[in-house]
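Inspection log for the structure reproduced underneath, given as structure tokens.
Numbering (mature numbering (1 follows the signal peptide of the UniProt record, and there is no 0)), first residue to last: -18 to -1, 1 to 112.
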């Protein structure tokens, strides 16, 4: 009976990691380094938006509880740069973290983009209602 009690005590004392919660909206901030203007904008998952010459497409946006020691908000993002001839080159694919924007940053000479938060709703209408 004692080994069972010890196992129960150890299980209760070990931290449990909360599962991330998927969200349908990612909020980004973008800096135009030429004008110094910062723009905040919401993007639905799998929607592509244009910020300057960059096309941003978030594929997933996750939140974790505030007491979790891992990154609380993260987004898997694809970024393409549009050229004047209309072609696009992929300049970033990967995870971006709201708590550490410099960890995986979009490397561009004119624009900076970073994740602010993941949200369940926004005042922006969904792409199919525009």
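Ideal Cβ positions, reconstructed from N, Cα and C, are used throughout, including at glycine.
Note on geometry: alpha-carbon atoms of residue 3 and residue 64 lie some 32 Å from one another. The stretch 10 to 28 makes contact with the stretch 92 to 104; the number of CB pairs closer than 8 Å reaches 3 or more. In this structure, the alpha-carbon of residue 105 lies about 13 Å from that of residue 6.
Annotation for residue 70: the continuous beta strand (DSSP E) segment containing it runs 70 to 79. Taking a C-beta distance under 9 Å as the contact criterion, residue 40 and residue 66 do not qualify as a contact pair.
Look at residue 63 here: in three-state DSSP terms it is strand. No residue range can be given for residue 29, since it is assigned to no beta strand (DSSP E) and is classified by DSSP as neither H nor E.
Cβ-Cβ distances below 8 Å link residue 71 to 62, 63 and 65 in the same chain, with the five nearest sequence neighbours on each side left out; the list follows chain order. Contact between residue 100 and residue 55 holds, since their C-beta atoms are separated by about 5 Å, short of 8 Å.
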